[in-house]
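> Numbering (our numbering), first residue to last: 4 to 465.
Dumping the structure here so I can ask a few things about it.
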């Protein structure tokens, strides 16, 4: 997931289910030998570790891998976030609440101007060194000090609008963050930041660019025993703090680009667990082995977001954004792109995991996620965007409403929704041209703000 801050407006498209698939294979998958990406001391073929799960992560778009397990980059290899490096607390998207992880407890200070975490005792890094409050303080200070680092906690320490003024560590299991204002949302920024070991990262000269080829973390899978352009394997952490876990000895990740590649591999028994969506899942995938192949679509995933660049004048008008949202036939989009396995988002943008956070009638907050092209046209008329040649609206300064609409290659569910989005926009006088890009190219466009409109990843935590 991209984590760089960019300027955009978000319009909620549809609530995306968390696509989860699990299967049992009769025999272990054999990974072919490939030339290593770099001259590291790793075997050319995957080691014969027993009880290793083959995983195709949700959203994977790689036909080849580049070695990157740096948690301070925008898109490190799975499972850098949470699997190698862990946060103080994790967010349970089913129940909509934080769960203690590296920290067991938190408490706000007077006036909510400080936040103290009590750390779990006995946690070790994968090299056997103890995890302490010094590691937590170091992680946030590193984010603050080094330009170009990415992280969920960056917003709390960045020079523009960060709110953490200082961090104190009175003992090895206590860390306090002091704020420049009363700010309870800071809990999520801080609790969900992955922590790195001070004794390792102080020796890294360029934390923003280092590939971190030999990761040391507190997570369940830290031992990188194999890496090529086509697959990699991490074995379990010998010092993992959850005794008896993980239940498997390692994970192997093959390069399978897009939903279709994952679906084929899963149906053929080459993958144990995957996150993808594809048309007619029951017939096209599960029917190959109904005894061992299973799927689950809980409505707790992130919300798919329609994104507009607020640096462009038309999108600075809230009524223009609302009109665009009201032009979308979300039910049609769901039928074509998500096979009916989800439902339209309401104006809160919150999935079923946030039920306790939502009002009983979200519609009382607004109607701009309801399909209503008639009202959308009225809003654009009132905003001064009149119909011009070919029915395309023009701004008061004469500029036609023509925009490039970005989609990501391999995101077959998104791409399937594209024609409906383009058609719906045309119905209200907006000319959108769908442009499909490989993920790295799209990520650059989003990051630098060089886009007009796009679908974008939703989030599964605050």
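All C-beta atoms, glycine included, are put in the ideal place defined by N, C-alpha and C.
#1: Let's see if you can read the secondary structure: which residues bound the beta strand (DSSP E) around residue 299?
#2: Taking only the alpha-carbon atoms, compute the straight-line gap between residue 90 and residue 107 and give it to the nearest angstrom.
#3: Where are the beta strand (DSSP E) runs, 3 residues long or more, that stay fully inside the stretch 98-166, in chain order?
#4: Starting from the Cα of residue 283, find the closest Cα among 273, 412, 266 and give me that residue.
#5: Based on DSSP bridge pairs, tell me the residues matched to residue 477.
#6: Note down, one range per segment and in chain order, each alpha helix (DSSP H) of at least 4 residues found wholly within the stretch 358-407.
#7: Which parts of the stretch 307-356 are runs of the beta strand (DSSP E), unbroken and 3 residues or longer, counting only runs that do not cross its ends?
#8: Taking only the alpha-carbon atoms, compute the straight-line gap between residue 128 and residue 424 and give it to the nearest angstrom.
#9: In chain order, which alpha helix (DSSP H) runs of at least 4 residues are fully inside the stretch 220-271?
#10: What do you reckon, are the CB atoms on residue 403 and residue 330 nearer than 9 Å?
#11: Report buried or exposed for residue 421, applying the criterion of at least 16 other Cβ atoms within 10 angstroms of its Cβ.
#12: From residue 443 to residue 449, what distance separates their C-alpha atoms?
#13: With distances taken between CB atoms, is the gap from residue 230 to residue 70 smaller than 9 Å?
#14: Residues in its own chain within less than 6 Å of residue 417 by CB, not counting five upstream and five downstream?
#15: What separation, rounded to the nearest whole angstrom, lies between the Cα atoms of residue 301 and residue 208?
#16: Would residue 441 be called buried (16 or more neighbouring beta carbons within 10 Å of its own) or exposed?
#17: Judging by CA-CA distance, which residue of 353, 426, 413, 370 is the nearest neighbour of residue 97?
#18: Tell me residue 289's beta-bridge partners as DSSP assigns them.
#19: Within 8 Å, do at least three Cβ pairs link the stretch 167-176 to the stretch 208-218?
#20: Okay, do the stretch 106-126 and the stretch 175-192 touch, 3+ Cβ pairs below 8 Å being the bar?
#21: Mind the definition here: the stretch 311-321 touches the stretch 53-63 only if three or more C-beta pairs lie below 8 Å; say whether that holds.
Per the coordinate set shown:
#1: 297-299
#2: 11 Å
#3: 100-103, 106-111, 117-122
#4: 266
#5: Lying outside 4 to 465, the shown extent of the chain, residue 477 is not represented and no answer is given.
#6: 376-385
#7: Within the stretch 307-356, not a single complete beta strand (DSSP E) segment reaches 3 residues in length.
#8: Their Cα atoms are separated by approximately 48 Å.
#9: 261-270
#10: No, the pair does not count as a contact, with Cβ atoms beyond the cut-off.
#11: buried
#12: 10 Å
#13: yes
#14: Taking residue 417 as the centre and dropping the five residues before and after it, the same chain places the C-beta of 410, 458 closer than 6 Å to its C-beta, in chain order.
#15: 43 Å
#16: exposed
#17: 353
#18: According to DSSP, residue 289 bridges with nothing at all.
#19: no
#20: With a cut-off of 8 Å, the stretch 175-192 and the stretch 106-126 count as touching, because enough Cβ pairs lie within range.
#21: Judged by Cβ distances under 8 Å, the stretch 311-321 makes no contact with the stretch 53-63, as fewer than three pairs qualify.
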